[in-house]
Each structure stands twice: as structure tokens, then as C-alpha cells.
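Start counting the sequence shown at 27; every next residue gets the next number (this note's numbering). Note that CB positions come from ideal geometry on N, CA and C, so glycine has one too. Treat the numbers as computed from the prediction; the structure is a model and nothing was measured.
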Amino acid sequence: MADIASSSIVAIPAVVEETLQRLSSKSSVIATLAIERESLTVLASSGQTSVFNLPDSTTATPAATSPSTTGAQGIENFANMIGNYVNNTSKFICDMDEEDGLRLLRVRTKKLEFVIVPDSKYLFIVAHEVPA
């Protein structure tokens with residue numbers, strides 16, 4: 027289950043493992059990702075994690091797709107982008123209504139749908155393939 031964190035020294039909390047197992051049990055899920063909300067550290071992933079691979083956007087040369095920006099680094103780039111997206115969206119919601127809060131985000135592209143579930147400590151991301 028814990029593809030990313032198994033190669034590092036980060037201990038995966040039981041609640042994260044349980045949540046990822048529950049989320050990945052849905053038949054349409056192709057990948058899951060758990061991120062520690064404050065530090066944006068990738069805690070665990072499962073499935074076809076290549077869908078979370080985001081090349082370094084600061085590199086405008088073909089080197090952006092080199093092996094150095096794929097795999098774990100690409101997923102870390104994705105985690106940072108998602109963290110910023112969630113934080114900005116949360117601020118937007120709170121600015122509209124202080125008593126409201128962000129519960130779920132859905133982002134759908136031509137190929138994939140990402141469901142982002144923020145909680146106080148973690149961000150959980152689920153990827154689904156979009157039916158043709």
C-alpha cells in the first residue's frame with residue numbers, strides 16, 4: 027500500500043493506511059495518495075501513481091520530463107501543487123463565509139477525475155479514469 031513512504035523514514039499513521047485502503051477498494055479508483063497537510067509530505071500512495079507525476083514547472087526545457095522529475099520527485103511536485111490549491115480554495119471559502127469550510131474538491135479533466143478530501147491533518151487524493 028505505502029509505495030512512497032516505504033522508501034523514506036516517515037511513519038504512516040494507522041488512520042492514513044485505513045483511509046487509503048477504504049478509498050482504494052472502490053472499483054473505479056486507479057490511484058490514491060495521502061499527504062501530510064502542514065508539511066505537504068507524501069505519506070503513502072497506491073495504484074497507478076504515475077497519474078500523480080507532475081514535472082517541475084520551473085524548468086522550461088525538455089529536462090522537465092527527464093527521469094529526475096519523474097517518480098517520487100514528480101509526485102512531490104504534485105503534492106505541493108495540490109496543497110497550494112487546497113489552501114487557496116479553503117481561504118476562498120472562508121472569505122465568502124467564515125462559518126463554512128472546505129469538505130471536498132473534484133477536478134475533472136478529459137482523462138481523469140481527482141477527488142481531494144482535506145481534513146485537519148491530511149489530504150487524501152483519489153484518481154478515477156473518466157469513462158469514454
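Among the options, which residue has its Cα nearest to the Cα of residue i?
i: Asn103; options: Asp126, Asn79 and Met122; result: Asn79
i: Ala153; options: Arg132, Pro144 and Ser146; result: Arg132
i: Leu138; options: Val156, Asp121 and Ile151; result: Val156
i: Asn106; options: Arg129, Arg134 and Ile151; result: Ile151
i: Leu69; options: Ser53, Leu46, Thr115 and Met122; result: Leu46
i: Ser116; options: Val77, Asp145 and Ala57; result: Asp145
i: Leu130; options: Met122, Val112 and Asp121; result: Val112
i: Asn110; options: Thr67, Ser76, Val55 and Ser51; result: Thr67
Distance, Cα to Cα, residue i vs residue j?
i: Glu44; j: Asp82; result: 31 Å
i: Glu62; j: Ala158; result: 33 Å
i: Ile38; j: Lys136; result: 33 Å
i: Ile119; j: Gly127; result: 6 Å
i: Leu49; j: Ser65; result: 22 Å
i: Gly97; j: Ala40; result: 24 Å
i: Ala90; j: Gly100; result: In this predicted model, Ala90 has a pLDDT of only 44, less than 50, meaning its place in the structure is not dependable; the value taken from the coordinates is given anyway. Cα to Cα, Ala90 sits roughly 10 Å from Gly100.
i: Leu59; j: Ser53; result: 16 Å
i: Asp123; j: Ser71; result: 33 Å
i: Tyr148; j: Val141; result: 14 Å
If you reduce the DSSP assignment to three classes, tell me which class residue i lands in.
i: Ser94; result: Residue placement at Ser94 cannot be trusted, given a pLDDT of 49 that sits under 50; what the coordinates show is reported in the next sentence. Three-state DSSP puts Ser94 in a helix.
i: Ala60; result: strand
i: Gly127; result: coil
i: Ile142; result: strand
i: Ile101; result: helix
i: Ser71; result: strand
i: Ala153; result: strand
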